[in-house]
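Residues in the sequence shown are numbered from 0 upward in steps of one, following numbering that gives the first Met the number 0.
Beta carbons: idealized from backbone N, C-alpha and C, even for Gly.
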Amino acid sequence: MEQSRYLPDNRDLNRCFPGSAEGSLASRIAHLFMTEIVSRCTHGIDLHTASEHRTNFPQIRADLYDPETYRCAKAFGASVMIHGVTRDGSLRQAAAKKGIPILLYEGGEALRFNPEAIQVGTEGILRVMNALEMYSFPAVSPTVPTPPVEVETTKWVRASQGGILRLQVGLQVGLGDRVAKKQHLGIIANAFGDESGTVRSPFDGLVIGHTRNPLVNQGDGIIHLAAAS
Numbered sequence: 000m001e002q003s004r005y006l007p008d009n010r011d012l013n014r015c016f017p018g019s020a021e022g023s024l025a026s027r028i029a030h031l032f033m034t035e036i037v038s039r040c041t042h043g044i045d046l047h048t049a050s051e052h053r054t055n056f057p058q059i060r061a062d063l064y065d066p067e068t069y070r071c072a073k074a075f076g077a078s079v080m081i082h083g084v085t086r087d088g089s090l091r092q093a094a095a096k097k098g099i100p101i102l103l104y105e106g107g108e109a110l111r112f113n114p115e116a117i118q119v120g121t122e123g124i125l126r127v128m129n130a131l132e133m134y135s136f137p138a139v140s141p142t143v144p145t146p147p148v149e150v151e152t153t154k155w156v157r158a159s160q161g162g163i164l165r166l167q168v169g170l171q172v173g174l175g176d177r178v179a180k181k182q183h184l185g186i187i188a189n190a191f192g193d194e195s196g197t198v199r200s201p202f203d204g205l206v207i208g209h210t211r212n213p214l215v216n217q218g219d220g221i222i223h224l225a226a227a228s
């Protein structure tokens, strides 16, 4: 509704868990959510888009070493499953400390309806509910069309310098595509259009996200890659 992930006190709710009944506005909301919702849950799915000016390939992030979390992640059926540690202050971390398995689903772009990401997310939620025997949804296949890629390492390819970015992503290379080590992914040009930098893949991997912003500063994340297994 507010078209921003930040609350009126300019805090990100997903950095304020488990919160406090006497803290900031964000901290109080986090505490209320933990008390009234999370404490009554056995499992959870946290839904996210990419941050502003970025887009993500549909993916699950979770503690894949936990057997129950892994079972739910497999049932969800996203094309990519990423094992990741939890962020301090995140809902996933707070729930994990209470022994509640949480999947974090990432897909699409902020402030945009992405039909593919919505479909993958909706069907994934229904598959997990089927797997947990919460409800039977016969219209959704319990089997996943293709086995997911399981990943432990991801890396942002960052701009070596500022300028105007011209990505091959969306042209020759798309979200979800595999790329080879040293593969050309784009260029950074100066204000006159002259090429001043090259963007290449540092390893064999899978494109799981990228910036939508054509203007980049030195160090900005350009393309998010998952290391190929």
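Helix, strand or coil: how does DSSP classify residue i here?
| i | result |
| --- | --- |
| Ile207 | strand |
| Val156 | strand |
| Ser26 | helix |
| Ala188 | strand |
| Thr143 | The sequence shown places Val at residue 143, rather than the Thr named in the question. In this structure, Val143 counts as coil in the three-state DSSP scheme. |
| Thr54 | strand |
| Gly106 | strand |
| Ala20 | coil |
| Thr197 | strand |
| Glu149 | strand |
| Ile101 | strand |
| Arg165 | strand |
| Ala49 | coil |
| Tyr4 | Note on identity: in this sequence residue 4 is Arg, with Tyr being the wrong assignment. Residue state, collapsed to three classes: coil. |
| Arg177 | strand |
| Met128 | helix |
| Ile36 | coil |
| Leu12 | helix |
| Gly76 | coil |
| Arg91 | helix |
| Gly218 | coil |
| Ala227 | coil |
Roughly how far, in whole angstroms, is the beta-carbon of residue i from the beta-carbon of residue j, given that I think they are within contact range, below 8 angstroms?
| i | j | result |
| --- | --- | --- |
| Asn9 | Ile207 | Actually they are not in contact, since the Cβ atoms of Asn9 and Ile207 sit about 29 angstroms apart, beyond 8 angstroms. |
| Leu224 | Val156 | 6 angstroms |
| Val139 | Glu151 | About 29 angstroms; that fails the 8 angstroms criterion. |
I'd like to check one pair, residue j with residue i: are the Cβ atoms closer than 9 angstroms?
| i | j | result |
| --- | --- | --- |
| Thr210 | Leu164 | yes |
| Leu12 | Arg60 | no |
| Ala116 | Ala74 | no |
| Val178 | Gly204 | yes |
| Gly98 | Gly120 | no |
| Ser195 | Ile187 | yes |
| Gly43 | Ala94 | yes |
| Arg53 | Ala109 | yes |
| Phe16 | Gly83 | no |
| Val79 | Gln92 | no |
| Arg86 | Ser50 | no |
| Arg27 | Glu21 | yes |
| Lys143 | Leu90 | It is Val, not Lys, that sits at residue 143 in the sequence shown. Not closer than 9 angstroms, so no. |
Leaving aside the five residues before and after residue i along the sequence, list all residues of the same chain whose C-beta is less than 6 angstroms from its C-beta, in chain order.
| i | result |
| --- | --- |
| Tyr134 | Met128 |
Leaving out five residues on either side along the sequence, give the residues of the same chain with a beta carbon under 7 angstroms from the beta carbon of residue i.
| i | result |
| --- | --- |
| Pro213 | Ile163, Leu164 |
| Arg218 | According to the sequence provided, residue 218 is Gly. The question's Arg does not apply to it. These residues qualify, in order along the chain: Arg157, Ala158. |
| Gly161 | Val215, Asn216, Gln217 |
Counting only beta-carbon atoms, is residue i nearer than 9 angstroms to chain B?
| i | result |
| --- | --- |
| Gln118 | No chain B appears in this structure, which consists of one protein chain only. |
For residue i, collect the residues of the same chain with a Cβ closer than 8 angstroms to its Cβ; drop the 5 residues on either side in sequence, then sort them by chain order.
| i | result |
| --- | --- |
| Phe112 | none |
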